[in-house]
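Numbering-wise, the sequence shown is residues 0 to 425 according to numbering that gives the first Met the number 0.
I have placed the structure first, in the form of structure tokens, so that the comments after it can refer back to it.
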Amino acid sequence: MLTCSKDHRETCRAAAGGSLLLFIISTFVLSCRACSNGNCQFLDSCSTPTDCGPGLYCGNCPASGKTEPTCTRGQAIQPTSFIPGLPFNKYSWLVTHNSFSIVDAPPLPGVQRMTFYNQEDSVSNQLRNGVRGLMLDMYDFEDDVWLCHSMRGQCYNFTAFEPAINTLKEVEAFLSENPSEIVTIIIEDYVHTPKALTRLFTNAGLLEYWFPVSKMPKKGEDWPTITDMVAENHRLLVFTSDASKEADEGIAYQWKYILENEPGDPGFVQGSCSNRKESQPLNSRSASLFLQNYFPTFPVESESCKENSATLIGMVGTCYKAAGNVMPNFVAINFYMRSDGGGVFDALDRMNGLTLCGCSTVTACQVGAPKGSCKETAATNRTPTARTGSSFSGYVQLSSSTSPNHFLNLLILNLFCLSLMAFLSL
Ligand SMILES: *[C@@H]1O[C@H](CO)[C@@H](O)[C@H](O)[C@H]1NC(C)=O
0 MLTCSKDHRE TCRAAAGGSL LLFIISTFVL SCRACSNGNC QFLDSCSTPT
50 DCGPGLYCGN CPASGKTEPT CTRGQAIQPT SFIPGLPFNK YSWLVTHNSF
100 SIVDAPPLPG VQRMTFYNQE DSVSNQLRNG VRGLMLDMYD FEDDVWLCHS
150 MRGQCYNFTA FEPAINTLKE VEAFLSENPS EIVTIIIEDY VHTPKALTRL
200 FTNAGLLEYW FPVSKMPKKG EDWPTITDMV AENHRLLVFT SDASKEADEG
250 IAYQWKYILE NEPGDPGFVQ GSCSNRKESQ PLNSRSASLF LQNYFPTFPV
300 ESESCKENSA TLIGMVGTCY KAAGNVMPNF VAINFYMRSD GGGVFDALDR
350 MNGLTLCGCS TVTACQVGAP KGSCKETAAT NRTPTARTGS SFSGYVQLSS
400 STSPNHFLNL LILNLFCLSL MAFLSL
């Protein structure tokens, strides 16, 4: 352990003889890092990506003054693993806004991309982490359908991401590997080529999961149950913003089935939740699905951890009231993994807990028990994925989870520990 040079033989002999010294060193090392190697629990201090337990990553949130990194949630609990078999519209699901607009996505060859980003990991990884709704902007581009940001309905090579088929094949792989999961795709649709979307979904192998428009409730009735949807393999719901596509191609017109508040900055004003103009009023009972948008018009990565925390939960309450005590079925956000601790994952646990069993979190729900009869759960759900039926293989490390501030703190902490060790081993 200690290498002994001639000059330091005396010191070394002393050190070697002193198991007490080793004990002291290890005590200090341990007190510098109370937990590590995947043992750190929700909100424990952490210092390296591998410190935190399953479903958690090591992150901080300087935007809300939380500079010390702690174990932060990065995966959703599927409500169906606690209360299975209800109609689809009884559950609340996590949706990524502009799921395709991913930091680090390679630009087109020879083009400098100039646009904004909304997420940080691949769509496959989003799905593995429990995301169940994808918002995708689709355009005619390069004789194909592309995922793109735009100006006035036009995709440019400097705002383009990739052909939509790539992402849809990721969805196909997920549905095929996870035969009881249901995914919703909401298309902001700028595709004008007739049947281009039909071809796209066919080529992606997604027709076999298609939930037919004819079976969608038209007057605000309940949706089929999760059990029936899975049994019939109707596990992909697709909605378009283009009304004509419902008659032409059998793709559901979004606002016939979904109530929705205003997206972007208007949907970000605390205490107010009003419908976007295409949607029926939120308290109308004409549609049985309800989508809550909660993201600013211009996404700022470093601010999103603050946005996705307490104010998100507050706005869920505001929208719930605005809808006449109806819980949003979808919560759409940017940088979904970022928060100051529990983030959108906690929000969804609360939402599902309230609607499914009248408990403060879905983890307290018990199958067959009357409403309000809640199971004891750890004070704050500590390792959310450490139970059966809800563990995913998703990767929770963010591409750029650590701010310079975080690194500085780590450096100081590590220097402190190192100097202690150096001092003690002299
Ligand atoms: C990108 O599009 C512009 C026109 O919008 C064009 O002039 C330019 O050559 C394109 N660049 C590449 C690399 O295709």
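Here a beta-carbon is modelled for each residue, glycine too, at the ideal position from N, C-alpha and C.
> What whole-angstrom Cβ distance do residue 300 and residue 267 have, given they're in contact under 8 angstroms?
Replying inline: Residue mapping note: residue 300 aligns to position 301 of the sequence shown, counting from 1. Residue mapping note: residue 267 aligns to position 268 of the sequence shown, counting from 1. Not a contact, Cβ separation roughly 16 angstroms.
>> Just to confirm the assignment: which complete beta strand (DSSP E) runs, minimum length 3, are found wholly within the stretch 66–144?
In response: 92–95, 132–140
> If you run the structure through DSSP and keep just helix, strand and coil, what is residue 189?
Replying inline: The sequence position of residue 189 within the sequence shown is 190, counting from 1. Strand at residue 189.
>> Output needed for residue 285: all residues of its chain with C-beta closer than 6 angstroms, excluding positions within five of it in sequence on either side, in chain order.
In response: Here residue 285 is taken as the residue at index 286 of the sequence shown, counted from 1. If we look at residue 285 and ignore the five residues flanking it on each side, its Cβ neighbours are 219, 279.
> residue 378: buried (16+ other C-beta within 10 angstroms of its C-beta) or exposed?
Replying inline: Residue numbering aside, residue 378 sits at position 379 when the sequence shown is read from its first letter. Residue placement at residue 378 cannot be trusted, given a pLDDT of 47 that sits under 50; the coordinates are not used to answer.
> Should residue 256 be listed as close to ligand 1, given that the test is whether its C-beta is under 7 angstroms from any heavy atom?
Replying inline: Within the sequence shown, numbered from 1, the residue matching residue 256 stands at position 257. For ligand 1, not one heavy atom lies less than 7 angstroms from the Cβ of residue 256.
> Is it the case that the Cβ atoms of residue 70 and residue 43 are separated by a distance below 8 angstroms?
Replying inline: The residue you call residue 70 lines up with position 71 of the sequence shown. The residue you call residue 43 lines up with position 44 of the sequence shown. Yes, the pair counts as a contact, with Cβ atoms nearer than the cut-off.
> Who are the Cβ neighbours of residue 252 in its own chain at under 6 angstroms, not counting the five residues just before and after it?
Replying inline: Position 253 of the sequence shown, counted from the first residue, corresponds to residue 252. The answer, listed in chain order, is 242, 245.
> Can you give the beta carbon distance from residue 135 to residue 184, rounded, assuming they're within the 8 angstroms contact cut?
Replying inline: In the sequence shown, the residue the question calls residue 135 occupies position 136. In the sequence shown, the residue the question calls residue 184 occupies position 185. Residue 135 to residue 184, Cβ: 6 angstroms. Contact.
> My guess is that residue 297 and residue 257 are in contact by the Cβ rule of under 8 angstroms, so how many angstroms apart are they, rounded?
Replying inline: Numbered from 1 along the sequence shown, position 298 holds the residue referred to as residue 297. Numbered from 1 along the sequence shown, position 258 holds the residue referred to as residue 257. The pair is not a contact, with the Cβ atoms about 24 angstroms apart (cut-off 8 angstroms).
>> Going by DSSP in three states, residue 284 sits in which element: helix, strand or coil?
In response: Numbered from its first residue, the sequence shown carries residue 284 at position 285. Correct three-state label for residue 284: coil.
> Looking at the structure shown, is residue 347 part of a helix, part of a strand, or coil, going by DSSP?
Replying inline: What you label residue 347 is simply residue 348 of the sequence shown in a count that begins at 1. DSSP places residue 347 in helix when its eight states are reduced to three.
>> Quick check: does the Cβ of residue 152 come within less than 7 angstroms of any heavy atom belonging to ligand 1?
In response: Taking the sequence shown and counting its residues from 1, the one referred to as residue 152 is at position 153. No; taking the cut-off as 7 angstroms, the Cβ of residue 152 has no heavy atom of ligand 1 nearer than that.
> What's the gap between the Cα of residue 168 and the Cα of residue 204?
Replying inline: The residue you call residue 168 lines up with position 169 of the sequence shown. The residue you call residue 204 lines up with position 205 of the sequence shown. Approximately 7 angstroms between the Cα atoms of the pair.
> Whose CA, out of 331, 156, 221, lies closest to the CA of residue 109?
Replying inline: Indexing the sequence shown from 1 puts residue 109 at position 110. The option with the nearest alpha carbon to residue 109 is 156.
>> By the three-class DSSP mapping on this structure, what secondary structure does residue 182 have?
In response: Here residue 182 corresponds to residue number 183 of the sequence shown, with the count starting at 1. The answer is strand: DSSP assigns residue 182 an E or B state.
>> Please classify residue 366 as buried or exposed, where buried requires at least 16 other C-beta atoms within 10 Å of its C-beta.
In response: In the sequence shown, residue 366 corresponds to position 367, counting from 1. Exposed: under 16 other Cβ atoms inside 10 Å.
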